[in-house]
DNA sequence: GTCTATAGGTGGATAGAC
DNA sequence: GTCTATCCACCTATAGAC
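Protein chains in written order, with the numbering used here: chain A, 1 to 206; chain B, 1 to 206.
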């Protein structure tokens, strides 16, 4: 009963990768976010880095291990971004706006959320990766639900369903907006939809 | 100036396929909706039908042609379903509920919207398929926008943005809800999110 | 750590017999 | 229309030299 309840979310330790491994992950991440896990190969990564396929296997023996590392690193970075938001401001509407801005940044990079992309390929992924996907979405929903609950208590947000229900809606809407916007190669499509997500809880106000 | 304005949407003629071609498309469609376009092969289809890969190429010489046929047939079937809704009832809330039920039926089949799935793989698809994808989403948005406009005029729906803006939000939210629900293999997740889409315009009734 | 070389498998696609 | 047989490109992965 004595353990601190603060920051109990931090279960995702950012793994330490060598410079070479980091370079591989950077390239693989971009490829996975634009083409999907089944849409890129070791050859693609090797070509972009100017090395051979074999050397990649030294750092990531199998593609499954590479895929797991991708999700783990992505989730850790996302968790850090959420912490940064929490520490920058306590104002709920601003925190929600910054959350949406995270996704907007991904789109502006002509990518899609890594985990949204992998969700489409879910049934073709190794079991371990499937489990990590859920953890990512769970983390997002928990963070959002907490924020929504707090904002509603202080009269800033307004919505009928439960906070976690609304969190799911927001997450789904953002992922879906990215998905559809990709077919039009138009990030503005995402931005407009994202704005209405904020309106939905009464959080757009400047 | 004399041409009828009724049914001017019908640009998608349902192509006639032989029995064998239809059987191939049925299997390919299920595979594409569960595993993605890059996630299945001619070998997968052939195995499930008990024929050889070579015979598939007689009906669909290349995978790109197969992919195009998949989207065209899917879009035609969807357009027919929208027409059926329009003819069954003119009541806007009911029509919107039936629209959402279309997507729910897809999820209940343990699939995801074909075009939502393909949207994730967008950048890896042949150009022709990319164009057809947009047409599918455009058709959905036009139908929804028209319905929303009508419902708002009669005081049944309420939303702040333009009808086409709201149509995009609804489409994105439904596609996103399917996407995320897949990671949990839980269609109920979709159904709850879909219900809130209806609430969003005041259409849940009852 | 990175290389060359290669294994063993699967991808889409074609030729030609039946 | 469906088959057998085959092609070549590409996939993930490994062995072993440097």
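All C-beta atoms in this analysis are idealised placements derived from N, C-alpha and C, irrespective of residue type, glycine included.
Bear in mind the structure is a predicted one, so any value in this text is a computation, not a measurement.
If you draw a straight line from the Cα of residue 163/A to the Cα of residue 146/A, it is about 7 Å long. Closer than 8 Å at the C-beta level to chain B, one finds these residues of the segment 29 to 59 of chain A: 34, 35, 36, 38, 39. Chain-ordered, the chain A residues with CB closer than 9 Å to the CB of residue 199/B read 160, 161.
In the three-state scheme derived from DSSP, where H, G and I count as helix and E and B as strand, residue 177/B is classed as helix. Per DSSP, residue 91/B lies in no alpha helix (DSSP H) segment and is marked neither H nor E. Residues of chain B with a Cβ closer than 8 Å to the Cβ of residue 202/A do not exist, since the nearest Cβ in that chain sits about 11 Å away. Here residue 184/B carries a coil assignment [DSSP, helix/strand/coil]. Secondary structure note for residue 117/B: its alpha helix (DSSP H) is the uninterrupted segment 114 to 120. For residue 47/A, the enclosing alpha helix (DSSP H) starts and ends at 42 to 49. Apart from sequence neighbours up to five positions away, the residues of its chain that approach residue 108/B with a beta-carbon distance below 8 Å are 187, ordered along the chain. Going by C-alpha positions, residue 99/B is about 11 Å away from residue 197/B.
Within chain A, 179 have C-beta atoms less than 7 Å from the C-beta of residue 116/B, given in sequence order.
At the C-beta level, residue 189/A and residue 111/A stay beyond 8 Å of one another.
Residue environment: residue 61/B is assigned as exposed (fewer than 16 neighbouring CB atoms within 10 Å of its CB, all protein chains considered). For residue 64/A, the closest alpha carbon among the candidates 204/A, 128/A, 193/A is that of 128/A.
Residue contact with chain B for residue 124/A: present (Cβ-Cβ distance below 8 Å to some residue of chain B). DSSP, reduced to helix, strand and coil, places residue 52/B outside both helices and strands of the structure shown, so it counts as coil.
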